[in-house]
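Report on the following structure.
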Amino acid sequence: MPYIAPKDRKKFDPIIDELADKIVAEAKEYNYDGAFAGLINYACTRLTLKVIKLLFGKMRYWMIATVVGTFNNIAEEFYRRVGIPYEEKQIKQSGDVDLYKEYEDEIK
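Heads up: take any position in the sequence shown, counting from 1, add 148, and you land on the working numbering.
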């Protein structure tokens with residue numbers, strides 16, 4: 149859950165904003181809209197590995213499970229907050245897939 153205390157946000161936001169600026173600048177050099185994804189993936193992966201190395205020195209199974217759970221939570225929260233509203237907007241604009249209605253009726 150990304151909802152940390154405001155005092156902690158003040159510490160991290162400037163660093164995150166600087167990293168975001170660097171990722172955007174680098175992504176623009178690729179002249180490919182999706183280039184930012186690999187850069188974000190790299191930044192998150194290296195950050196995670198570095199934190200584990202600094203905190204614990206070596207990897208353990210429980211750390212892998214914790215990181216995987218954290219990344220899954222990030223993905224699910226992003227989809228809940230951004231993906232679902234976007235999908236709902238697109239359904240209103242373009243119409244739904246007709247078979248969804250049939251399954252919804254069947255379930256009811």
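Think of the CB as a built atom: it goes at the ideal place given N, C-alpha and C, for glycine as much as any other residue. All values derive from a computational prediction rather than experimental measurement.
Item                                                                                                                                              : Value
Going straight from the alpha carbon of V216 to that of T193, what length do you get?                                                             : 11 Å
Do L187 and N175 have their beta-carbon atoms positioned less than 9 Å apart in this structure?                                                   : The amino acid at residue 175 is misidentified as Asn; the sequence shows Ala. Yes, the pair counts as a contact, with Cβ atoms nearer than the cut-off.
Out of I200, Q241, F184 and F219, which one is the CA nearest neighbour of S211?                                                                  : Just to set this straight, residue 211 is Met in the shown sequence, not Ser. For M211, the nearest C-alpha among the options comes from I200.
Would you identify the three-state DSSP class for N179, choosing helix, strand or coil?                                                           : coil
Since I222 and A191 should fall inside the 8 Å C-beta cutoff, what is the C-beta to C-beta distance between them, to a whole number of angstroms? : The pair is not a contact, with the Cβ atoms about 13 Å apart (cut-off 8 Å).
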